[in-house]
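First to last, the sequence lines map onto chains P and R. Quick note, in my numbering, the first sequence goes up one by one and the last residue is 116. Quick note, in my numbering, the second sequence goes up one by one and the last residue is 1111. Report on one structure; see the data block that follows.
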Amino acid sequence: EPEVTQTPSHQVTQMGQEVILRCVPISNHLYFYWYRQILGQKVEFLVSFYNNEISEKSEIFDDQFSVERPDGSNFTLKIRSTKLEDSAMYFCASSKLAGALTDTQYFGPGTRLTVL
Amino acid sequence: AQRVTQPEKLLSVFKGAPVELKCNYSYSGSPELFWYVQYSRQRLQLLLRHISRESIKGFTADLNKGETSFHLKKPFAQEEDSAMYYCALSGQETSGSRLTFGEGTQLTVNP
């Protein structure tokens, strides 16, 4: 069964550095998402992406964040200048459809980002 | 605004006992409700969704719009049900279908 994959599984970075988290969604899916989970807190929506543009973003997703689908398979989340509070597990998800009838979102295993 | 509340962080039952994981939501429009499960060292995966009205692994959940609840139930818990359970909501009026998650309930089924 196809799965969403994410790399790396764990990323350690220094505060102020840029990081890029990578995701390969399921191949015939059209909608892509990033969520994050700070340790001990709930899973929070960051951004959704469709047809090469952001379709929705949360208040967390400020100018420090950007998303891109650089080729036909990868979906990336970039954090320009990391802060300590960006330390979290970042989940990528994809779905075939969205909108009026929400399709199932399939989640990747997550990337644990640690900012020192 | 969308909000999901799971009042129990931890729930412990014995094998064979009934289990109910509570979920309440707040949303002004027509919600879609989901239960996701995360077994130890595995990814988040969909357990069931209210529009399917089906039973998965013996679990059922009924959307109660009057009480704004979507509690997850199983009549006879099994040890393999031990996992983290997340209730989630998606608003049909929202494009992109963001999921709003509850805090999660860690279910432990003891032998």
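C-beta atoms are modelled at their ideal positions from N, C-alpha and C, and glycine is treated no differently.
Nearest C-alpha to S27 of chain P among P:F65, P:P109, P:N74: P:N74. The C-beta of T1108 of chain R comes no closer than 8 angstroms to any C-beta of chain P. With at least 16 other beta carbons inside 10 angstroms of its own, G1102 of chain R counts as buried. Taking 8 angstroms as the cut-off, the Cβ atoms of K83 of chain P and V115 of chain P count as close. The criterion of a C-beta distance shorter than 8 angstroms is not satisfied by G1058 of chain R and K42 of chain P. With respect to S1026 of chain R, T1060 of chain R sits apart: the two C-beta atoms are not nearer than 8 angstroms. For the segment 52–68 of chain P, the residues whose beta carbon sits under 9 angstroms from a beta carbon of chain R are, in order, I54, S55, E56, K57, S58.
Counting of Cβ neighbours within 10 angstroms places P2 of chain P among the exposed residues, the total staying below 16. With contacts defined by Cβ atoms closer than 8 angstroms, P1111 of chain R and K1022 of chain R do not form a contacting pair. Straight across, the Cα-Cα distance linking Q11 of chain P with S1090 of chain R is about 30 angstroms.
If you draw a straight line from the Cα of S95 of chain P to the Cα of T111 of chain P, it comes to about 19 angstroms. Distances from the alpha-carbon of Q1002 of chain R to those of R:P1075, R:R1098, R:L1011 put R:R1098 closest.
Legend: CB atoms of the segment 13–42 of chain P lying less than 9 angstroms from CB atoms of chain R belong to residues Y31, Y33, Y35, Q37, Q41, K42. Note: V12 of chain P is bridge-paired with P:T114 in the DSSP secondary-structure output. Secondary structure note for E56 of chain P: its beta strand (DSSP E) is the uninterrupted segment 53–57. Distance from the Cα of Q1078 of chain R is smallest, within the candidate group R:T1005, R:Q1006, R:S1012, for R:S1012. R69 of chain P is positioned such that its CB atom lies closer than 8 angstroms to that of F49 of chain P.
Per DSSP, Y1039 of chain R lies in no beta strand (DSSP E) and is assigned neither H nor E. A straight line joining the alpha-carbon of L21 of chain P with that of E53 of chain P spans about 18 angstroms.
Interface criterion not met: the Cβ of L1011 of chain R is under 8 angstroms from no Cβ in chain P. Counted as a single uninterrupted DSSP element, the beta strand (DSSP E) harbouring N1024 of chain R occupies residues 1024–1026. A direct Cα-Cα distance of roughly 10 angstroms separates S55 of chain P from F32 of chain P.
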